[in-house]
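Each residue of the sequence shown is one higher than the one before, counting from 12 in my numbering.
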Amino acid sequence: MPSPAIRVLDVAGLPAYVSDIATTFTGTLVFGVGLRDETARSAGTAHLLEHLIMKRVGKVAVTHNATTSDEVIAFFAQGSPAQVGDFLTRVAAAVSSLHEITADDVLEQRRIISAELGQGDERIGRGNLIDRFGNQSLGLLDFGSPAHRSHTRADALRFADTWLHAGNAALTFTGPIPDGFTLSLPPARPVPERTPPEPIRHEAWIPNGEVPLVLSLVLRSPDAAHTAVARTLLEDALLGRLRTERHLVYSVNGFAFPLGAGATFVGYAMDPRAEDALAAATGAVELLRELAETGPDEAAIREQIEAWDAADDDPLAQAAQLDAIAAGVLRGRRERDDVEAVDLHAVTPADVQRVIADAMTTRFITFAGDTPLPDDDEVTAALGMPPAEDPTPLAVTLSRGDWVRHVMPAEVEVFGGRAFRGLRGASLFVDLERVTFASSAGTMEVRFDSMPVALYSEGQRFWCLVGREGHFMIVDLDQWRGAAKLHDLLGTRIPGDVQAGVDLETPLPA
12 MPSPAIRVLD VAGLPAYVSD IATTFTGTLV FGVGLRDETA RSAGTAHLLE HLIMKRVGKV
72 AVTHNATTSD EVIAFFAQGS PAQVGDFLTR VAAAVSSLHE ITADDVLEQR RIISAELGQG
132 DERIGRGNLI DRFGNQSLGL LDFGSPAHRS HTRADALRFA DTWLHAGNAA LTFTGPIPDG
192 FTLSLPPARP VPERTPPEPI RHEAWIPNGE VPLVLSLVLR SPDAAHTAVA RTLLEDALLG
252 RLRTERHLVY SVNGFAFPLG AGATFVGYAM DPRAEDALAA ATGAVELLRE LAETGPDEAA
312 IREQIEAWDA ADDDPLAQAA QLDAIAAGVL RGRRERDDVE AVDLHAVTPA DVQRVIADAM
372 TTRFITFAGD TPLPDDDEVT AALGMPPAED PTPLAVTLSR GDWVRHVMPA EVEVFGGRAF
432 RGLRGASLFV DLERVTFASS AGTMEVRFDS MPVALYSEGQ RFWCLVGREG HFMIVDLDQW
492 RGAAKLHDLL GTRIPGDVQA GVDLETPLPA
């Protein structure tokens with residue numbers, strides 16, 4: 012049965028996507044900004060605005076909510092058309108009057124968000140998205156919002172003025188637009204240019220995160236139907252191979268995030284026992300290779316198309332598609348009037364094989380951080396991929412003599428580790444461009460121009476210097492001789508706009 016037609020209308024200058032769907036009448040106001048548009052320093056600002064707006068909306072009798080996701084901030088209600096229309100009008104009025112909020116309003120909502128996030132709300136996160144994208148763009152979905160307690164009224168209003176206006180908003184309705192409905196948002200203004208995210212690491216593996224095992228890759232094709240079928244076929248194939256045949260996992264849960272035009276980042280989270288993680292990862296990579304070389308059969312393609320057709324009959328899926336169209340338009344992946352559904356019925360095994368074969372150079376494996384793996388060489392041999400590495404520090408690229416000459420100038424400060432604090436023989440070098448830690452265990456650095464956030468705890472006396480590429484360095488001041496000078500130096504050389512004070516005992520991931 013074909014899905015209900017989608018109509019594109021104009022409501023108060025906003026595109027409105029309307030379809031007569033057999034579900035509770037739902038209306039949604041969508042803004043084309045989400046978590047991926049923040050920075051590691053500003054992460055949590057969109058969530059804060061969601062709270063501030065809903066506080067101004069006030070009590071609502073019908074089912075309603077506000078959500079901040081990867082790509083959008085959305086406000087929706089379900090009920091009678093009149094009730095839904097009233098809610099959306101009140102949301103728009105709350106957005107338009109945001110400059111009336113006070114610093115106390117912001118403090119109140121920050122406290123509520125802290126309670127919502129729970130213990131460790133200022134911890135930095137870890138996971139596959141950070142491994143792939145670093146502490147930026149899609150990586151922020153794993154990174155969290157460790158600096159959220161420091162967001163100010165000015166921060167919130169700056170973000171709102173940039174993103175929450177008529178030039179970055181759309182509406183969706185699962186039935187006729189309510190009689191007499193209108194709303195008023197701040198006038199449209201240019202939306203900042205956004206570079207589509209791209210992974211910074213490919214063809215590697217790493218133990219990091221809480222999920223036992225994640226396989227991720229990038230699917231690319233000018234035909235969205237090819238990537239859609241390839242994505243769900245891979246999920247079913249992994250489940251069949253690793254659960255049904257080999258009994259290594261219980262579930263395979265796929266996820267997908269759009270990148271640029273024709274590209275989708277996909278991942279498959281799996282739950283092997285710790286001792287089976289490498290076997291499951293090896294089996295997943297082997298399956299990928301088989302599909303890239305020989306492709307799926309016709310029966311597998313037919314199963315996917317039947318599953319997609321069944322989903323298209325689901326009213327909830329139809330409503331979700333409305334919101335996805337709005338997001339695609341606001342994010343620049345669709346034209347305003349492009350509401351055509353993707354036709355999957357012409358997809359062939361060769362189409363899917365080509366998508367998977369092209370994705371082989373983008374595959375990546377993330378194990379849980381505590382997975383008991385054998386040595387790196389054995390894992391590399393099993394997966395056919397090397398371990399992922401942090402950026403190479405400058406010190407490693409220089410000869411000993413060149414490094415000595417590098418640290419000789421007066422502007423380079425050198426701090427020695429305290430032996431009784433476990434840092435005998437360690438040194439911390441702070442030059443004009445970076446902080447370098449060096450010890451017998453290894454060397455790492457974080458550059459000031461690639462530091463999206465630097466967290467400092469006054470009470471616990473540490474700095475957490477976060478690198479854009481996904482790594483971080485903890486500087487416990489009590490472990491270093493000259494701690495007061497070190498603290499002042501970091502506070503001076505780290506750009507002020509990325510510094511944030513925190514209260515927790517440690518910023519380390521749980």
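Ideal Cβ placement from N, Cα and C applies to all residues, glycine included.
- Annotation: the continuous alpha helix (DSSP H) that includes Glu389 extends over 387 to 394.
- Fewer than three pairs of CB atoms, one per stretch, sit closer than 8 Å, so the segment 414 to 427 makes no contact with the segment 466 to 478.
- In this structure, the straight-line span from the alpha carbon of Asn264 to that of Met281 is close to 7 Å.
- Leu151 counts as buried, since at least 16 other C-beta atoms from the protein chains shown sit within 10 angstroms of its C-beta.
- The beta carbon of Ala215 is closer than 7 Å to those of Phe375, Met396, Pro397, Pro398, Ala399 in its chain, skipping five residues each way along the sequence.
- Take the alpha-carbon of Ser53 and the one of Val73: they are about 32 Å apart.
- Approximately 21 Å separates the beta-carbon atoms of Val260 and Leu230; this is outside 8 Å, ruling out the contact.
- In this structure, the CA atom of Thr37 is about 14 Å from the CA atom of Ala181.
- Apart from sequence neighbours up to five positions away, the residues of its chain that approach Ala338 with a beta-carbon distance below 7 Å are Val41, Gly43, Glu82, Val83, ordered along the chain.
- Here Gly427 really is in contact with Arg492; their C-beta atoms are around 5 Å apart, less than 8 Å.
- Assignment of beta-bridge partners to Gly38 by DSSP yields Ala88, Phe184.
- Fewer than three beta-carbon pairs drawn from the segment 158 to 167 and the segment 219 to 236 are found closer than 8 Å, and the two stretches are therefore not classed as touching.
- The three-state secondary structure of Ala295, taken from DSSP, is helix.
- The beta carbons of Ala239 and Val353 sit closer together than 8 Å.
- Beta-bridge partners of Leu20 (DSSP): Ala27.
- For Val117, no beta strand (DSSP E) encloses it; the enclosing alpha helix (DSSP H) starts and ends at 114 to 128.
- For secondary structure counted as the alpha helix (DSSP H) over 4 or more consecutive residues, the segment 147 to 212 holds these complete runs in sequence order: 151 to 154, 164 to 174.
- Pairing Arg164 with Ala114 gives a Cβ-Cβ distance under 8 Å.
- Going by DSSP, Leu270 is part of no alpha helix (DSSP H) at all; its letter is neither H nor E.
- Under the three-state reduction of DSSP output, Gly433 falls in the coil class, being neither helix nor strand.
- Exclusion of the five residues before and after Pro326 leaves Ile32, Ala33, Thr34 as the residues of its chain whose Cβ lies within less than 7 Å of its Cβ.
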